[in-house]
Amino acid sequence: MATASVLQARSAGFSFENCKRNALVEANATDLGLRVPTARKTGTTICGVVYKDGVVLGADTRATEGMIVADKNCSKIHYISPNIYCCGAGTAADTEMTTQIISSNLELHSLSTGRLPRVATANRMLKQMLFRYQGYIGAALVLGGVDCNGPHLYSIYPHGSTDKLPYVTMGSGSLAAMAVFEDRYMPDMEEEDAKRLVRDAIAGGIFNDLGSGSNIDLCVISKGKVDYLRPHDEANKKGVRVNELDARPQAGSYKYKCGTTGVLTKAVTPLHTELVEETIQTMDTS
Amino acid sequence: EHPKMSASQVKGVSTGTTILAVRFRGGVVIGSDSRASIGGEYVSSRVINKLVQVHDRIFCCMAGSLADAQAVTKMAKFQLSFLSIQMESPPLVKAAASVLKELCYRNKDELQAGFITAGWDKKKGPQVYTVSLGGMLVSQPFTIAGSGSTFIYGYVDAKYKPDMSREECMQFATNALALAMGRDNVSGGVIHLVVITEDKAEHVIVPGNKLPKFHDE
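For the record, the sequence lines run as chains U and F. For the first sequence, UniProt numbering begins at 1 and goes up steadily by one. For the second sequence, UniProt numbering begins at 1 and goes up steadily by one.
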C-alpha cells in the first residue's frame, strides 16, 4: 500500500529525545531566575455548520499567551485543499503545522488519484496523526468542505477521536457557541441564515469567553466556490464602545487634551554640541 | 468495575457510557446510550453512535477513551474484511471478538478502551462476548459494561431470563439502559439498539422522550 506522503517521516510514536534536556533546563532555569516560555494557545471559539448547499466555518481572531493577547487578528481558518478548510483551536503552532502537513500530503494524494480530495480523507489523515501522538499535539480542529458526496463537517479532538455532525464547536468558547447553535440550528438553512447563525455563535464566544475576542472570520464553502471572509464582522474596533442600551457606537478618545495637566514652572536649557568628525559611507543597494 | 474506566481519568473525549448485549431466541440485541463527555464535565456529543458494524452480522460497542476505541474498531473492521475474503466466508463472532482482544491485550499499556462484541454466525448462532480493559475475552449469555453499568447489575441479574422472545429482549435492554442513563451522569441521550438475527441487522433508535419512565415525577 503505497502512500504518497513525503513530508512526514514514518517513524513510530512520539520522539522523546529532548525531554531529558528540557527537564534539566527547567530545573536550572529557576535557579537563574528565568521563566520557561509557555506555548502560545489560541484560546478561541471555532465552529461550523452544514447548510443547504455546503458548509460555513467560523472563528474568532484572538491569540493569547497566558493572560496577554499575543495577536489581535490571527487567522484560525486554515487552507487544506481548494474545497476543504479547517479551523484550529489549542496550541497555535500545533494547529498551524498539523494543517499544513495534512494539506501538503493531501495535495500529493490528490495528484496521485487525479481527483478532488474528499473531506473524509482529510479527516482520516488528521485523526491518525493525532492518535499517533497520543494527545501531545494540542490541536482541536473543525474540518469542513464540499466534495463529490456533498457537504461534510467533522470535529477532531487532540487525542484523535472524531465526530461527524451537522454543527460543531470547539475551543474555550465552545460552550457559548454551542448554546447558540442548540437554540437556532435548523437543517437545510439558506446561506445568509447559516452565515448569521455562525456569526452569532462566534460572537457568543467572543463576548462571554476571556480566551476569545476581536473579529469574526467566516469561510463559506459550497460546490465550486469558496468565500473566505476575513474579517466578516469587526465586532471589536479599537476606540469604539458600543452603548449596551441603544447600540450606538460611541467614539472613545484615549488622548488627554493639551492643558489637562497644569504647568507650574518652565525652564529651557540649550545644549551646545560641536561637530567633531563627518564621514560618508555609501550603501550598496544593487 | 475497573477504576481506570471512571470518566475523569480517561484522557480526552470518553464515551462515559452504558453498553450491553443480550442473547435471545434466534438472535442478539446490542445496545448503548449516545453520550460522549470530556472529563465528566462537558458533553462533547449527545448523539454519537457507539455501535460499530465490524461485519455484516457482527457489531461491537465501544467504552472508554473515544480516540482509542475508534482507532481499535477501525483496525478490527479492516482485519475482519480481509479475513472474510481470505476464508471466503463471513467471520465467526468469536473471531471478531478475538481480533479486538488481541489489539487490547497487546497494547494494554497505551489503550483505555473496552468492548462488547455480539452477532450471529452459522457455527454457533447468536453469541455475546465481552473484551475488558486489559484484554480479557469472555463469552456470556448477556453482558453490561461502561460506567453506567454499575447501577444496573442488580436489575439485569434479577430480570434476565434465558430464551426470551425478540420483543421481550428489546424491552429488557431498553429498560436496563434507561435506568442506567437515569442514574449515571456520563450516560444519556438516546438509546441505540441493533437486533442481529440470521436474516438481518436492524438498527432501532429510542429517542429521549420515548424512554421508559420509572417513578420520574
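Glycine included, every Cβ here is placed at the ideal spot set by N, Cα and C.
Residue j beta carbon less than 7 Å from that of residue i
i: residue 125/U; j: residue 156/U; result: no
i: residue 80/F; j: residue 96/F; result: yes
i: residue 134/F; j: residue 108/F; result: yes
i: residue 176/F; j: residue 51/F; result: no
i: residue 46/F; j: residue 189/F; result: yes
i: residue 55/U; j: residue 216/U; result: no
i: residue 140/U; j: residue 170/U; result: yes
i: residue 119/U; j: residue 68/U; result: no
i: residue 172/U; j: residue 43/U; result: yes
Limits of the unbroken beta strand (DSSP E) element including residue i
i: residue 78/U; result: 77-81
i: residue 139/U; result: 139-147
i: residue 46/F; result: No beta strand (DSSP E) contains residue 46/F, which DSSP labels as neither H nor E.
i: residue 85/U; result: 84-90
i: residue 24/F; result: 19-24
i: residue 155/U; result: 150-156
i: residue 202/F; result: 201-206
Top-ranked residue by Cα proximity to residue i, from the options
i: residue 115/U; options: 149/U, 16/U, 266/U and 167/U; result: 149/U
i: residue 67/F; options: 126/F, 83/F, 37/F and 130/F; result: 37/F
i: residue 140/F; options: 151/F, 119/F and 45/F; result: 119/F
i: residue 197/F; options: 127/F, 213/F, 54/F and 104/F; result: 127/F
i: residue 78/U; options: 187/U, 86/U and 261/U; result: 86/U
i: residue 59/U; options: 201/U, 179/U, 110/U and 25/U; result: 201/U
i: residue 223/U; options: 146/U, 90/U and 52/U; result: 146/U
i: residue 176/U; options: 45/U, 67/U, 268/U and 195/U; result: 45/U
i: residue 237/U; options: 72/U, 35/U and 34/U; result: 72/U
i: residue 208/F; options: 137/F, 187/F, 195/F and 200/F; result: 187/F
Cα-Cα separation, residue i to residue j
i: residue 74/U; j: residue 41/F; result: 29 Å
i: residue 96/U; j: residue 64/F; result: 29 Å
i: residue 172/F; j: residue 86/F; result: 38 Å
i: residue 216/F; j: residue 181/F; result: 13 Å
i: residue 31/U; j: residue 138/U; result: 29 Å
i: residue 88/U; j: residue 213/U; result: 15 Å
i: residue 63/U; j: residue 265/U; result: 46 Å
i: residue 271/U; j: residue 17/U; result: 60 Å
i: residue 288/U; j: residue 183/U; result: Only positions 1 to 286 of chain U appear in this structure, which leaves residue 288/U out of reach.
i: residue 233/U; j: residue 115/F; result: 47 Å
i: residue 104/F; j: residue 76/F; result: 11 Å
i: residue 112/U; j: residue 104/U; result: 13 Å
i: residue 130/F; j: residue 80/U; result: 40 Å
i: residue 158/U; j: residue 93/U; result: 13 Å
i: residue 154/F; j: residue 101/F; result: 27 Å
i: residue 12/F; j: residue 136/U; result: 11 Å
i: residue 28/F; j: residue 44/F; result: 30 Å
i: residue 212/F; j: residue 207/U; result: 40 Å
i: residue 70/U; j: residue 218/U; result: 21 Å
i: residue 91/U; j: residue 61/F; result: 32 Å
i: residue 164/U; j: residue 107/U; result: 23 Å
i: residue 2/F; j: residue 113/F; result: Annotation note: pLDDT 42 at residue 2/F (below 50); position unreliable, no value reported.
i: residue 27/U; j: residue 66/U; result: 21 Å
i: residue 160/U; j: residue 159/F; result: 39 Å
i: residue 226/U; j: residue 144/U; result: 12 Å
i: residue 49/U; j: residue 198/U; result: 7 Å
i: residue 293/U; j: residue 19/U; result: For residue 293/U there is no data in the structure shown, the boundaries of chain U being 1 and 286.
Contacts that residue i makes with chain A (C-beta to C-beta distance below 7 Å)
i: residue 131/U; result: In summary, chain A is missing from the structure at hand, where the protein chains are U and F.
Where the alpha helix (DSSP H) through residue i begins and ends
i: residue 26/U; result: 19-32
i: residue 72/F; result: 66-87
i: residue 127/U; result: 119-132
i: residue 180/U; result: 174-184
i: residue 237/U; result: From DSSP, residue 237/U is part of no alpha helix (DSSP H); its letter is neither H nor E.
i: residue 197/U; result: 191-208
For a minimum of 4 consecutive residues, which ranges assigned as the alpha helix (DSSP H) are wholly contained in the region 121-189 of chain F? You should have 153-159 and 166-183.
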